[in-house]
Amino acid sequence: MRVRFAVLGPVEVSAEDRPLPSASPRHRSVLAYLLLHAGTVIGAERLVGAIWGATPPDTSRSQIHAAITGLRRVLRAAGAADVLATRPAGYVIRPEPGQLDLEEFTTGVAEAGRIADAEPEEAARRLRAALALWRGQPLADVSADYVEPARARLEDRRLAAVERLAELELAMGRHADLVDELSAHVAAHPLRERLTAHLVLALHRAGRQHDALAAARGFRAVLADEQGLDPSRAFTDLEQRVLRDDPALAHRPAPSAVSAPARRRVSFLPYDPPDFTGRRVEMDRIAPLDEARSTVWAIDGMAGVGKTTLAVHAANRLGGGFPDGQLFVDLQAHTAGQSPLSAAAAAEVLLRQLGVPVDDLQGTPAELTARWRAELADRRALVVLDNAADVDQVAPLLPGASSGLVLITSRRRLVGLDGAEVLSLDPLPAEDSLGLFTAIVGTRADAEPLAVLDVLQLCGFLPLAVRIAAARLRHRPRWTVGYLADRLRDQRGRLTELAVSDRGVAAAFTLSYEQLEPGQRRMFRLLGLHPGRDLDAGAAAALAGIGSEEAEQLLEELLDAHMLLQHEPGRYTLHDLLREHARRTAEAQDTPAMRTAAVDRLVEHYQRAIADAGSGGADTWLAAERANLIAVAAQATDRQRATALHRYLYDRSQHAVALYADALESSRARGDRPTEARALVDMGWVHWRQSRYDEAADQHRRALRLAHELGDRHVEARAEQGLGHVRLGQDHADEAREHYLRALERYRELGDRAAEGAVLAALGRAVARLGDVRSAVALHHDALRVYEGLDDRDGRAEALEGLGSAHLDLREHEQARAHYEHALALYRETGYRSGEASALNGLGEVALAAGDHASAAERHRAAIALADEIAYSREQERARAGLARAVRGAGRPEGG
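Following numbering that gives the first Met the number 0, the numbering of the sequence shown begins with 0 at its first residue and continues without gaps.
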């Protein structure tokens, strides 16, 4: 259905040339204001000010909302609902070409100006067609604060077109035909000097000198009476020449028209690097051209991904198919020290590239963009609009009905750019990155293929980073590729390494960051503190201390700005280099206390999730978060929370082995020795839980050596504690005691009370194994007091288990059973399933010692089911052995 909007007279919306039902006066005033600023997002506050001025009613916002709703209803009925859109900053109306009379008028005037010198007859025809669009006083039926000045501006543009038409008609000798028309205009606008001058000249050339002088004297009198002014020197000169009957005023026919000179082919495309590599799929998508219509490609991606390089390479490759020129303008959305170009300023640049004289580039912003589209209408040109900020910046620059190609690059997804083909760039594939690096470095890359792959990985396969790394190597002949890789492995200095001259990865990221809103910036910084690979909205909300819905909105906005990546729905991740930039920015702009609080909120979030998993079956979610739990547990400043996270992983040790192995491998690849030491300890603990004592001992000893070299006392303590567990599991209680004592000393030096409690409980078990049960009871009570002071329920349960075991050794069955029951209840509260299996086995052993074989069998069977589920081999073996004893004691075959 053909829909038209009209403001050059009464404000109307029509469909198929039939006016739609008249909107209310308030609806018309809102519609007219949006149409006067078509293509521009108008905020609610601006609309309120435009309608009511400085004294809006209390209901102004609700009236605006009601008007928008009513307009949408009218447009929906006309099949044009998409014309009026809501944006985060307000409302925008985007009529298509030919739908708005004001836009048609502006385009017609601009087209006439472009061809006036070569085709005056056609120019005059277009001006008359443009003026015919006027149906009376503009905005005739609208009443609002903005209307009078807007109406005056529109009327001025109409009269300027009338004056330009008169110039053309006078130049073509049609003075006699103009007299009546101009007389009517002068009567309506007696203070319009240029209009009166045209009338004076037309009357003079028509042989009516007396009337011409009368018109001149009338203007002089009105001007003096109403404004106290005299006419300009040019008008006075015309008046004197009419009085003298100057022959030079007579019409002189223009010389015979000659064919217009052929358009010269122009190209303003930037340099296309000869080492351009890869992007074959993307180039193949852009290459097919439809000569019958304009094709617009919106190329988006993160900073440094190669958007401009691809656009320029494609433009140079395809340029031969566009004989009317290849144009380029940097819209400066992310240009250091520059503000983004307005659409009008960009149109002026492009018009100059087409050869339009600077003196002709006058008019309002809307007129300039309309002139640009008019110039492009009958040309087959290729245009690159580089570095765009948003849809509003580029929409006025898109051709209406030409058969050209427009390539737009932006760091933001141009979601509202209707009809555009979309091409989102990812970092280069490994093969293309290798090709780019080798093209720059040359044969030096061939000698160190593994080191080259290291460099590319450390660059995150980001084209800008790969180019800079290769350029640094190329200009340093004494460097090896391996040496470059070692320099890049230092994460604290990696972004510094990836910079040459005034170009760098960090600088590119900073420009993107500075374009974000304050809330988006804060979220981006906080994401750099997350130690895992990806996260969901819940984790982001915890980091920022906000609601999940608000967090998801910010994440989606960062995704649209290409500051985040998304490999699967609902999960978000940072490119490695952006992660480093976010972390560095957080360290520069947020206090240590703010960063610590954010991480503590994140750990608390995961701790709550673990508790929910134990009671609400959230294993699917937690399965996706296991790698994060490893990383977060390692970084947690609160040891009690870190222990809870580790225990969750230990409950799922069959998965934790692979995850810790990944952590170990990646830390070694990065040269990150502190993380390597922590991963070794974690691997050792998991293998101990699986009764793989030799592997566990090896990993703990390697961690101990590395921690000693690094001076990492905490990793030393955990490794000693782990070795104590291993030796106790191997029935070497005396050696276990020595490891525990060394761990206890280090934890006390560190002031780690939670870990101190755990070692006291472990030391109690070792001492009990050596026969000193009363000392073991005392140690377990010491551990219990530590845990009670920390309000650590898992720790209290572990100490209670130790007391249960000790009292069982002392044949104090009731006390042993009470301690185990208490421990089991605490484990179930916290969801620590490994502890639950252990406490069930303890209760089975107490029941067996008391002669209650049925109860013992029941407890051990429950322990087997739980230990099998979490692959906890130590408690599996303990439960099966206990079940066998209980069955034999009852006199039935085992398993009966």
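Note that CB positions come from ideal geometry on N, CA and C, so glycine has one too.
Tell me which same chain residues have a C-beta within less than 7 angstroms of the C-beta of residue i, skipping the five on either side of it?
i: residue 180; result: none
i: residue 531; result: 626, 627, 630, 631
i: residue 284; result: 422
i: residue 230; result: 192, 218, 219, 222
i: residue 256; result: Here the model assigns residue 256 a pLDDT of 40, short of 50, so the residue's position is not dependable and the matter cannot be decided.
i: residue 666; result: 674, 675, 678
i: residue 432; result: 455, 460, 465
i: residue 372; result: 106, 398, 399
Measuring straight from C-alpha to C-alpha, what distance separates residue i and residue j?
i: residue 902; j: residue 80; result: One cannot answer for residue 902 here, as it falls past the ends of the chain, which runs 0 to 895.
i: residue 777; j: residue 721; result: 22 angstroms
i: residue 896; j: residue 713; result: Residue 896 falls outside the range modelled here, since the chain spans only 0 to 895, and no answer is possible.
i: residue 38; j: residue 392; result: 9 angstroms
i: residue 797; j: residue 757; result: 8 angstroms
i: residue 608; j: residue 829; result: 11 angstroms
i: residue 406; j: residue 157; result: 35 angstroms
i: residue 780; j: residue 674; result: 35 angstroms
i: residue 51; j: residue 34; result: 18 angstroms
i: residue 571; j: residue 539; result: 9 angstroms
i: residue 534; j: residue 836; result: 31 angstroms
i: residue 27; j: residue 194; result: 32 angstroms
i: residue 487; j: residue 496; result: 7 angstroms
i: residue 261; j: residue 357; result: For residue 261, the predicted model reports a pLDDT of 47, less than 50, meaning its position is unreliable and no value from the coordinates is stated.
i: residue 178; j: residue 116; result: 23 angstroms
i: residue 4; j: residue 107; result: 17 angstroms
i: residue 36; j: residue 72; result: 21 angstroms
i: residue 363; j: residue 342; result: 11 angstroms
i: residue 19; j: residue 132; result: 19 angstroms
i: residue 8; j: residue 104; result: 13 angstroms
i: residue 320; j: residue 345; result: 24 angstroms
i: residue 380; j: residue 323; result: 5 angstroms
i: residue 387; j: residue 125; result: 33 angstroms
Looking only at DSSP bridge pairs, what is residue i linked to?
i: residue 325; result: 266, 381
i: residue 2; result: 14
i: residue 241; result: Answer is none; residue 241 lacks a bridge partner.
i: residue 91; result: 84
i: residue 355; result: Its beta-bridge partners do not exist; DSSP assigns none.
i: residue 534; result: 571
i: residue 41; result: 90
i: residue 503; result: 498
Among the candidates the options, whose CA atom is the shortest distance from the CA of residue i?
i: residue 396; options: 415, 370, 379; result: 370
i: residue 235; options: 576, 687, 85, 218; result: 218
i: residue 159; options: 67, 127, 377; result: 127
i: residue 870; options: 691, 744, 759, 849; result: 691
i: residue 523; options: 559, 227, 327; result: 559
i: residue 471; options: 452, 436, 314; result: 436
i: residue 855; options: 834, 884, 301; result: 884
i: residue 282; options: 305, 266, 313, 265; result: 313
i: residue 754; options: 791, 732, 772, 728; result: 791
i: residue 304; options: 389, 410, 145; result: 410
i: residue 820; options: 808, 810, 834, 809; result: 834
i: residue 29; options: 16, 14, 59; result: 59
i: residue 764; options: 734, 831, 65, 361; result: 734
i: residue 822; options: 811, 783, 515, 550; result: 783
i: residue 274; options: 469, 750, 249; result: 469
For residue i, verify whether its CB is less than 6 angstroms away from any heavy atom of the ligand NAD.
i: residue 576; result: Because no ligand of any kind appears in the structure shown, any question about the ligand NAD cannot be addressed here.
For residue i, collect the residues of the same chain with a Cβ closer than 6 angstroms to its Cβ; drop the 5 residues on either side in sequence, then sort them by chain order.
i: residue 31; result: 6, 10, 138, 141
i: residue 525; result: 542, 543, 597
i: residue 888; result: 852
i: residue 420; result: 296
i: residue 794; result: 756, 786
So, at 8 angstroms on beta carbons, what are the nonlocal neighbours of residue i in its own chain, with the 5 sequence-adjacent residues on each side left out?
i: residue 40; result: 86, 88, 89, 90, 91, 391
i: residue 840; result: 858, 859, 862, 874, 877, 878, 881
Mind pulling the beta strand (DSSP E) runs of 3 or more residues that sit fully within the segment 772-797? Counting only runs of 3 or more residues that sit fully inside the segment 772-797, no beta strand (DSSP E) segment turns up.
Sequence ranges, alpha helix (DSSP H) only - wholly within the segment 9-35, length at least 4: Every alpha helix (DSSP H) of 4 residues or more that sits fully in the segment 9-35 is shown, in chain order, as 24-35.
Starting from the N-terminal side, write out each stretch of the alpha helix (DSSP H) that is 4 residues or longer and does not extend beyond the segment 274-315. DSSP runs (the alpha helix (DSSP H)) wholly in the segment 274-315: 279-285.
As an exercise, report each continuous alpha helix (DSSP H) stretch of at least 4 residues that is fully enclosed by the segment 112-159, in chain order. The qualifying runs are 119-130.
Complete beta strand (DSSP E) runs within the segment 405-443 (minimum length 3 residues, chain order): The segment 405-443 is shown to contain whole beta strand (DSSP E) runs of 3 or more residues at 420-423, in chain order.
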